[in-house]
Amino acid sequence: MINIDVKTLFIFSAAANIFIICLFATYIKVYKLKNPIINIFVLSRVLGIVFLIILSLRDSLPGHLNIIINSTIYLFLVYYELYCISFIEREFNFKHFKRFLLIPLILSIISYFFITNSESNRIAIMSLNVAIMYVISSYLLLTEKGKTKIQYLTGYIFVIISLLILTRSFGALSIKGVEMYSMNYVMVIPVMFYLILNLIFPLLLIFILKEKDNIKLNELIKSKDKFFSIIAHDLRGPLGGLQQIGELLWLNNITDEVREKLTKTLYQNSKNTFNLLDNLLKWSNANAGLITSKPNNLNLHKIILTNIRLFQSQIKLKNLKLHCDFEDDLFVYADHDMIDTVIRNLISNAIKFTPNGGEIKIILAKVDKTNNTCTIAIIDNGIGINKHSQLKVFEIDSTLSTLGTNKEKGTGLGLKLCKEFLTLNKGNIWIESNVNSGTSVYVSLPLGTNKIVN
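Throughout the sequence shown, residue numbering follows the numbering used here, covering 21 to 474 in sequence.
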């Protein structure tokens with residue numbers, strides 16, 4: 021036997037959890053975090069305090085009610101805590117969270133059927149249920165790809181905890197007259213180690229958060245380095261061309277015909293350079309958090325027609341047919357400037373990659389009232405794009421840039437910017453195309469109400 025008051029252990033652990041909650045509150049305030057996973061973890065600690073207090077006051081509550089409350093709270097607090105550590109790298113999804121909520125719910129129901137059994141049997145069943153949750157969590161941490169070193173370490177700690185809890189379960193079945201506060205070392209030592217390791221979990225969670233942040237930061241730095249190398253490459257060409265054209269125009273011994281060609285080239289190069297810098301500025305501001313989405317009810321049909329008028333000179337130059345095939349007003353809920361930029365970039369791309377005399381159509385592809393979204397498609401009969409390139413055009417580290425049908429140079433940034441802006445507006449973009457068979461670019465956005473809000 022071990023001369024330790026188990027009730028004292030529970031009270032000490034409850035006090036430690038209060039300190040942990042204060043620590044997390046300070047951590048959230050200092051780093052201004054808004055992470056549902058952390059909130060769930062704090063909730064698990066609050067439930068843990070309630071559970072430990074109830075355990076220490078066990079004899080003061082009605083028997084069956086005490087057992088039901090204890091087992092339910094304990095299983096759910098373990099679930100909340102394990103969910104946070106096992107799925108911390110995910111973007112929180114309430115449907116995913118509810119699906120896994122079935123585990124403690126089913127185990128609670130199983131425990132209820134043993135409510136009239138002896139205390140040793142109830143301890144064994146409860147310990148087995150908790151061990152099952154730790155085994156599931158350790159399996160996820162040790163087998164899923166993309167986990168950090170600290171998460172793997174946590175997985176091994178969970179294995180140790182599950183073995184300790186199974187030891188307590190075995191002890192409850194093998195030793196006669198076992199009670200919750202039994203002093204037998206088989207019953208007390210697992211509880212002691214469990215409570216000690218349980219106090220380490222918050223530190224593990226913080227370390228995992230920090231490790232994830234560092235990984236994201238390193239990936240962001242690499243992406244930015246690659247991005248700026250692309251920009252430097254794309255700027256060198258048009259700026260060098262502008263310098264050469266300027267030098268030629270400075271000469272007096274060129275014909276008017278040559279001067280006219282050089283002037284047109286100068287205009288095209290300057291326009292490409294401006295588009296590149298404009299897209300670069302918008303992209304960098306969006307990534308720096310300087311541009312935020314301010315959604316409103318927008319008439320998408322009107323934005324499309326405005327941009328078509330903007331490109332009339334280029335449409336006439338290439339003798340294209342460009343028209344919007346849906347007549348009714350289409351309202352979406354999004355940021356005006358961002359969606360205007362998206363439509364402008366996509367129409368510009370369609371014009372660039374459609375040969376002289378070609379056709380471009382903008383159609384309403386789908387209205388999904390179930391998900392409250394609509395999808396438009398910008399369809400051309402141009403040069404198309406191969407399957408491999410379709411996967412690359414939205415990646416920031418991709419250097420893909422294709423000449424237009426009249427040798428127009430692209431910035432290599434337009435579609436990346438479209439993807440960024442649509443993501444900020446809870447939209448999506450994808451491409452369907454085959455080489456020499458034209459391209460269809462699909463854009464989905466949340467539906468708005470059928471009125472303009474100024």
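Glycine is no exception: its CB is placed at the ideal position from the N, C-alpha and C atoms. Quick caveat, the model's predicted, so the values are computed rather than measured.
The shortest CA-to-CA distance from F107 to any of I58, L297 and I69 is the one to I58.
Judged by DSSP in its simplified three-state form, I145 adopts helix.
A Cβ-Cβ distance of about 18 Å is found for the pair F39 and C104, leaving them out of contact under the 8 Å criterion.
Runs of the alpha helix (DSSP H) lying entirely within the stretch 142–195, each at least 4 residues long, are 169–194 in chain order. Of I152, A370, L121 and P375, the smallest CA-CA separation from K381 is found for A370. Around the CB of D355, 16 or more other CB atoms lie within 10 Å, so the residue is classed as buried. For N319, the three-state secondary structure derived from DSSP is strand. When DSSP states are grouped into helix, strand and coil, N448 belongs to the strand group. Contiguous alpha helix (DSSP H) elements confined to the stretch 109–144 occur at 114–120 and 122–132, taking only those with 4 or more residues. If you compare the alpha carbons of I89, L366 and Y100 with that of P56, the shortest gap goes to Y100. Per the DSSP secondary-structure output, Y462 pairs in a beta bridge with A397 and W450. D400 places its beta carbon less than 8 Å from that of T459.
Taking a C-beta distance under 8 Å as the contact criterion, I135 and I88 qualify as a contact pair.
Counting every other CB atom within 10 Å of its CB across the protein chains shown gives L350 a total of 16 or more, marking it as buried.
The Cβ-Cβ distance between G468 and V352 falls below 8 Å. Exposure of N406 is indicated by the presence of fewer than 16 other C-beta atoms within 10 angstroms of its C-beta. DSSP places D357 in the uninterrupted alpha helix (DSSP H) bounded by H356 to K372. When the Cα atoms are used, G68 and L127 turn out to be separated by approximately 18 Å. Taking N392 as reference, the option from S194, K446 and N339 with the minimal CA-CA separation is K446.
Runs of the beta strand (DSSP E) spanning 3 or more residues and lying entirely within the stretch 28–62 do not occur at all. The three-state reading of DSSP puts K381 in strand, counting E and B together. Taking V198 as reference, the option from I31, L162 and E139 with the minimal CA-CA separation is E139.
Annotated three-state conformation of F71 is helix, per DSSP. No Cβ-Cβ contact shorter than 8 Å links L102 with F71.
Per the C-alpha coordinates, the member of L162, L193 and G166 positioned closest to S147 is L193.
Leaving aside the five residues that flank A385 on each side, the residues in its chain whose CB is nearer than 8 Å to its CB run, in chain order, T395, I396, A397 and Y462. V413 carries a coil assignment under DSSP once its states are collapsed to helix, strand and coil.
Around the C-beta of G434, 16 or more other C-beta atoms lie within 10 Å, and the residue is accordingly described as buried. With fewer than 16 neighbouring CB atoms inside 10 Å of its own CB, A45 falls in the exposed class. Counting the other CB atoms within 10 Å of its CB gives E452 a total below 16, which places it among the exposed residues. Its chain contains P210, F213 and Y214 as the residues whose beta carbon lies nearer than 7 Å to that of L184, once the 5 sequence neighbours on both sides are disregarded; these appear in chain order. In the DSSP annotation of this structure, the continuous segment of the beta strand (DSSP E) that includes L342 starts and ends at K341 to C344.
In this structure, the beta-carbon distance from T361 to L437 falls below 8 Å. Closest by C-alpha distance to P124, out of F133, V150 and N141, is V150. By the neighbour-count criterion, in which 16 or more other beta carbons inside 10 Å mark a residue as buried, G402 falls on the buried side. The shortest CA-to-CA distance from N37 to any of L268, L217 and E267 is the one to L217.
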